[in-house]
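Reading through the structure tokens given below for one structure.
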Amino acid sequence: IAYPFSLLGTALVPPLAVTGVTLYAGSYEQAAGAMLLFVTNLTAIVAMASAVFLLTGYVDWSRLLRERRRVRTSYATVATGVVLLLIPLGLTTKGLIDDAAALRASQRAASAWLDGTDGISVTALEVEGDRVSITVHGAGTPPAPEVLHARLVEELDREVVVEMRFVPEVVHVIGGDRP
2 IAYPFSLLGT
12 ALVPPLAVTG
22 VTLYAGSYEQ
32 AAGAMLLFVT
42 NLTAIVAMAS
52 AVFLLTGYVD
62 WSRLLRERRR
72 VRTSYATVAT
82 GVVLLLIPLG
92 LTTKGLIDDA
102 AALRASQRAA
112 SAWLDGTDGI
122 SVTALEVEGD
132 RVSITVHGAG
142 TPPAPEVLHA
152 RLVEELDREV
162 VVEMRFVPEV
172 VHVIGGDRP
């Protein structure tokens with residue numbers, strides 16, 4: 002009997018703990034995400050437990066019929082909770098999909114920008130809203146950042162601020178018989 006309770010603790014305690022820690026740290030967006038996970042897990046546990054109890058006959062059907070108004074209210078509450086959770090979960094999923102698409106588009110723009118350039122590569126690329134941060138590394142001179150900006154605007158189909166860092170590669174060979 003301890004096993005199901007340890008599963009409950011595993012599903013509920015970590016997101017609740019993260020909520021508290023992130024609230025204390027002032028990371029309200031992360032706290033909201035952790036709380037969303039907690040509420041999602043709790044709602045799923047209640048919904049599935051109710052279904053299992055009902056389908057396995059744990060509750061006597063005659064009792065369910067006698068208290069059908071209360072049972073209906075309980076199931077309607079759980080169903081409403083599930084439906085309401087679909088809104089923030091759907092918005093979060095859409096945001097993740099949009100962020101991934103923006104990152105892929107930015108990678109295409111950066112590759113096209115560096116096309117034909119030997120010895121220079123992208124070592125970091127991050128997209129946050131309308132800001133694109135890119136770090137390039139290598140020997141030689143990278144193409145003009147304005148060209149990258151134009152390619153990003155075209156790929157992302159919106160105006161962006163580009164923050165580009167160039168890390169030059171310098172090789173020193175000292176001593177020995179090397180030319």
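In short: position in the sequence shown from 1, add 1, done, that's the working numbering. For each residue, glycine too, the CB sits at the ideal point set by N, CA and C.
Problem - Every unbroken alpha helix (DSSP H) within the region 138-177, with a cutoff of 4 residues, ordered by chain - result: 146-157
Exercise for the section: To the nearest angstrom, report how far apart A113 and E30 are at their CA atoms. Expected result: On the sequence shown, position 112 is the one that residue 113 refers to. On the sequence shown, position 29 is the one that residue 30 refers to. Whole-angstrom Cα-Cα distance: 34 Å.
Exercise for the section: Would you kindly report the start and end of the unbroken beta strand (DSSP E) that includes S122? Expected result: Sequence index remark: in the sequence shown, residue 122 carries index 121 (1-based). From DSSP, the beta strand (DSSP E) with S122 extends over 121-129.
Problem - Limits of the unbroken alpha helix (DSSP H) element including V60 - result: In the sequence shown, the residue the question calls residue 60 occupies position 59. It is not in any alpha helix (DSSP H) - V60 carries neither H nor E in the DSSP assignment.
Problem - alpha helix (DSSP H) segment containing S107, residue limits - result: Within the sequence shown, the letter at position 106 stands for residue 107. Residues 69-115.
Problem - Proximity winner among L43, P169, G130, relative to T136 (alpha-carbon distances) - result: Within the sequence shown, residue 136 is the residue found at index 135, counting from 1. Nearest in C-alpha terms to T136, of all of L43, P169, G130, is P169.
Problem - Residue from V133, A145, L97 whose Cα sits closest to the Cα of E160 - result: Here residue 160 refers to the residue found at position 159 of the sequence shown. The residue with the shortest Cα to Cα distance from E160 is V133.
Problem - Whole-angstrom distance between L38 and G139, CA atom to CA atom - result: Residue numbering aside, residue 139 sits at position 138 when the sequence shown is read from its first letter. Residue numbering aside, residue 38 sits at position 37 when the sequence shown is read from its first letter. Each residue's Cα considered, the two are about 42 Å apart.
Problem - C-alpha gap between P144 and R109, whole angstroms - result: By 1-based counting over the sequence shown, the position of residue 144 is 143. By 1-based counting over the sequence shown, the position of residue 109 is 108. Approximately 15 Å between the Cα atoms of the pair.
Problem - Three CB pairs or more closer than 8 Å across the region 73-84 and the region 94-109 - result: no
Problem - Three-state secondary structure (DSSP) of T23 - result: Against the sequence shown, residue 23 aligns to sequence position 22. Helix, per DSSP.
Practice task
Tell me A134's beta-bridge partners as DSSP assigns them.
Solution key: As a first step, residue 134 is located in the sequence shown; it is residue number 133 there, counting from the start. Here residue 134 is Ser; the residue named in the question, Ala, does not match the sequence. Its beta-bridge partners are E127, E164.
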